[in-house]
Amino acid sequence: MQEDSSGNIYGVVFDNQTETYDKKIMYNFNMNVGDTITPYSEWGYFNSNTFEVLKVDTLFFAEKFRKRISLGFMGTSDTTEYWYEGVGSSFGLIYPGCLIIDLSFDLLCYYENSSLLYNYNAFGDNNCWVNVSVPLNLLNDKEIFSPNPASDFIYLKENSEIERCLIYDMNGKTMISTNNVSTIDVSGLKQGIYVIHLITNNQNHIQKLLICRD
Numbered sequence: 132m133q134e135d136s137s138g139n140i141y142g143v144v145f146d147n148q149t150e151t152y153d154k155k156i157m158y159n160f161n162m163n164v165g166d167t168i169t170p171y172s173e174w175g176y177f178n179s180n181t182f183e184v185l186k187v188d189t190l191f192f193a194e195k196f197r198k199r200i201s202l203g204f205m206g207t208s209d210t211t212e213y214w215y216e217g218v219g220s221s222f223g224l225i226y227p228g229c230l231i232i233d234l235s236f237d238l239l240c241y242y243e244n245s246s247l248l249y250n251y252n253a254f255g256d257n258n259c260w261v262n263v264s265v266p267l268n269l270l271n272d273k274e275i276f277s278p279n280p281a282s283d284f285i286y287l288k289e290n291s292e293i294e295r296c297l298i299y300d301m302n303g304k305t306m307i308s309t310n311n312v313s314t315i316d317v318s319g320l321k322q323g324i325y326v327i328h329l330i331t332n333n334q335n336h337i338q339k340l341l342i343c344r345d
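Everything in the sequence shown is counted per our numbering, starting at 132 for the first residue and increasing by one.
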């Protein structure tokens, strides 16, 4: 994320409608009561929601006093979302302004330097769900496939002895699962960011995979 001189905080996101990457406004913590903002939503067809600042106060949240901005739809007095400075939206960091019927988003937990500072306790004692269902302690930055970004195929490096390859989308859905191959066809994947999980010699290699086409 990047902040400009006026306080707008941008994120580089993949727009599902245009299938391109672009810089979009996600937050602004310099707003006052009555100001409006139209934050980009991860869900492309909801990215036109405009919100009005209903209240600005300070609240003890995630182990420190932070500015809190209460947001609601234009012309209403009901708060639909809170923004906490230094943390993000009550819906989660990458989901500001994401309102969907029959589906809810919640900020489940917040860490700083490996220390848990906030844990939403509505669903039990441990709510820090991991979006992609692969063990995060097995991360390895050794590059054993190319190219990355890719468009049609990725090729495993010689002598990598891949036993299994799994490719997940950013919602944790398995898109590709294959065994004992040296070439993987990714032409059926849409443009975007994926997680590739390679199992080799009883080791796990997990990296981001970018699918990009001109």
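Ideal Cβ placement from N, Cα and C applies to all residues, glycine included.
In terms of Cα proximity to Gly203, the closest of Gly219, Gly228, Arg197 is Gly228.
Taking one beta carbon from each stretch, the region 291-307 and the region 236-244 have fewer than 3 pairs nearer than 8 Å; the two do not touch.
A distance below 6 Å between beta-carbons, with the five flanking residues on each side excluded, links Thr167 to the following residues of its chain, in chain order: Thr181, Glu183.
Non-local beta-carbon contacts of Ile307 in its own chain, meaning distances under 6 Å to residues more than five positions away in sequence, involve Ile298 in chain order.
For the region 189-226, the continuous beta strand (DSSP E) assignments of 3+ residues that do not extend past its boundaries occur at 195-204, 212-215, in sequence order. The secondary-structure analysis by DSSP pairs Tyr158 across a beta bridge with Ile140. Per DSSP, reduced to three states, the secondary structure at Val164 is coil, with no helix or strand assignment. Boundaries cannot be given for Glu292, as no beta strand (DSSP E) includes it and DSSP labels it neither H nor E. The residue among Lys155, Asp283, Glu134, Ser172 with its C-alpha nearest the C-alpha of Val317 is Asp283. Using a 10 angstroms sphere on the CB of Leu247, the tally of other CB atoms stays under 16, which defines it as exposed. When the Cα atoms are used, Tyr213 and Ile140 turn out to be separated by approximately 16 Å. Straight-line spacing of the CA atoms in Val164 and Tyr171 works out to 20 Å. Here Phe196 is exposed. Its C-beta has fewer than 16 other C-beta atoms within 10 Å.
Per DSSP, Leu239 lies in no beta strand (DSSP E) and is assigned neither H nor E.
One alpha carbon belongs to Gly303, the other to Ile327, and they sit about 11 Å apart. In the three-state reduction of the DSSP assignment, Tyr325 falls in the strand class. Just so you know, the alpha carbons of Leu340 and Val144 end up roughly 15 Å apart. The shortest CA-to-CA distance from Ile285 to any of Tyr158, Tyr251, Leu329 is the one to Leu329.
CA-CA distance, Ile156 to Asp188, rounds to 22 Å.
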